[in-house]
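All remarks here apply to the structure that follows.
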Amino acid sequence: KAGVTQTPRYLIKTRGQQVTLSCSPISGHRSVSWYQQTPGQGLQFLFEYFSETQRNKGNFPGRFSGRQFSNSRSEMNVSTLELGDSALYLCASQAYLDTGELFFGEGSRLTVL
Amino acid sequence: DQQVKQNSPSLSVQEGRISILNCDYTNSMFDYFLWYKKYPAEGPTFLISISSIKDKNEDGRFTVFLNKSAKHLSLHIVPSQPGDSAVYFCAASARGGADGLTFGKGTHLIIQP
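Residue numbers (this note's numbering), protein chains in the order written: chain A, -11 to 101; chain B, 141 to 253.
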């Protein structure tokens, strides 16, 4: 069974630009969550999608948004990039809701210059 | 305000001995706790979890203890093996795992041969 796949793995953007990251969950998993990992703040919850609907949202500004498609694939978008958005963005899927047992991808490393 | 704290950034243990990783939380709404392990260049991997209705959960060499009155949990690894060298994250959730996970900043466990 293929794991969680995230693309692109690495990308460099400049301040003010926008970026879209993609995530394909494990086959059969309908819940997809996104987390931001930085050295200073650690892993922080962004949002969770299930059946194309946002279930939960973390404490991030509106510049961070996401969506989920009918095939459970998910994208997250960050608009008007700031230097502080440089981070590893991790996507995770889960087979059963509300277990917290997440299967993470390898992440997308975003650098904002 | 850090709601989940792992106060030891790193821990060195001899192979074969017990590794004890600690985690404290402040949010009394947390009722579900998990440990994740992370190797470099990989996403975190779920290790073990515990619900607040229990005070102990075992899975092979891994045991998690929960002390609700002290708002403290610990992960015991016995015996420690070289492959256990990784960063360990403590995570917590409210509503039995329905909320997004709040992670600690991690403890880097190094198993010395």
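Cβ coordinates follow ideal geometry from the N, Cα and C atoms, glycine included.
Since we're looking at a predicted model, the values are computed, not measured.
Chain-order list of residues whose beta-carbon lies under 7 Å from that of residue i (same chain, five-residue window excluded)
| i | result |
| --- | --- |
| Q32 of chain A | Y23, Q24, G46 |
| Q221 of chain B | E155, I251 |
| L187 of chain B | W175, Y176, K177, F202 |
| K254 of chain B | This structure gives no information on residue 254 of chain B, because the portion of chain B shown stretches from 141 to 253. |
Candidates the options, of which the one nearest residue i by Cα
| i | options | result |
| --- | --- | --- |
| S209 of chain B | B:K178, B:T247, B:L241, B:S168 | B:S168 |
| Y228 of chain B | B:Q154, B:K177, B:S192 | B:K177 |
| I14 of chain A | A:S81, A:F35, A:L69 | A:S81 |
| T166 of chain B | B:I190, B:P253, B:L249, B:F243 | B:F243 |
| R235 of chain B | B:F186, B:S192, B:D164 | B:S192 |
| F202 of chain B | B:F170, B:H216, B:Q142 | B:H216 |
| T185 of chain B | A:T68, A:L71, A:G(-9) | A:G(-9) |
| Q5 of chain A | A:F57, A:L(-1), A:Q56, A:L69 | A:L69 |
| E40 of chain A | A:T99, A:R51, A:G50, A:Q56 | A:Q56 |
| G16 of chain A | A:F92, A:T99, A:T87, A:A83 | A:A83 |
Residue i versus residue j: straight-line alpha-carbon distance, rounded
| i | j | result |
| --- | --- | --- |
| G30 of chain A | D73 of chain A | 13 Å |
| K224 of chain B | Y37 of chain A | The amino acid at residue 224 of chain B is misidentified as Lys; the sequence shows Asp. Straight-line Cα distance between these residues: approximately 32 Å. |
| T(-5) of chain A | S60 of chain A | 15 Å |
| C230 of chain B | I158 of chain B | 18 Å |
| K179 of chain B | A226 of chain B | At residue 179 of chain B the sequence reads Tyr, which differs from the Lys that was named. Using only the alpha carbons, I get a separation of about 5 Å. |
| Q146 of chain B | H212 of chain B | 10 Å |
| S62 of chain A | S10 of chain A | 6 Å |
| S148 of chain B | L(-1) of chain A | 32 Å |
| V144 of chain B | S58 of chain A | 34 Å |
| G50 of chain A | A238 of chain B | 22 Å |
CB contact flag (residue i, residue j, <7 Å)
| i | j | result |
| --- | --- | --- |
| S214 of chain B | Y172 of chain B | no |
| S12 of chain A | T(-7) of chain A | yes |
| L206 of chain B | D199 of chain B | no |
| S19 of chain A | L85 of chain A | yes |
| G183 of chain B | E89 of chain A | no |
| S150 of chain B | H248 of chain B | yes |
Chain-order list of residues whose beta-carbon lies under 6 Å from that of residue i (same chain, five-residue window excluded)
| i | result |
| --- | --- |
| N65 of chain A | T8, S53 |
| Q42 of chain A | F35 |
| T2 of chain A | L101 |
| N44 of chain A | E36 |
| L190 of chain B | Reading off the sequence, residue 190 of chain B comes out as Ile, not Leu. Counting only Cβ-Cβ distances below 6 Å, and skipping sequence neighbours, we find F173, N197, V204, L206. |
Same chain only: Cβ atoms within 8 Å of residue i, ignoring 5 sequence neighbours per side
| i | result |
| --- | --- |
| L241 of chain B | L174, A231, A232, S233 |
| R103 of chain A | The structure shown does not extend to residue 103 of chain A, since chain A is modelled only from -11 to 101, so the question has no answer here. |
Check: residue i C-beta below 6 Å from any heavy atom of the ligand HEM
| i | result |
| --- | --- |
| L76 of chain A | In the structure shown, the ligand HEM is absent, as is every other ligand, since no ligand is present at all. |
Could you tell me which whole beta strand (DSSP E) segments of length 3 or greater appear in the segment 10 to 85 of chain A? Here the runs fully enclosed are 19 to 26, 30 to 38, 41 to 45, 52 to 56, 62 to 66, 75 to 82.
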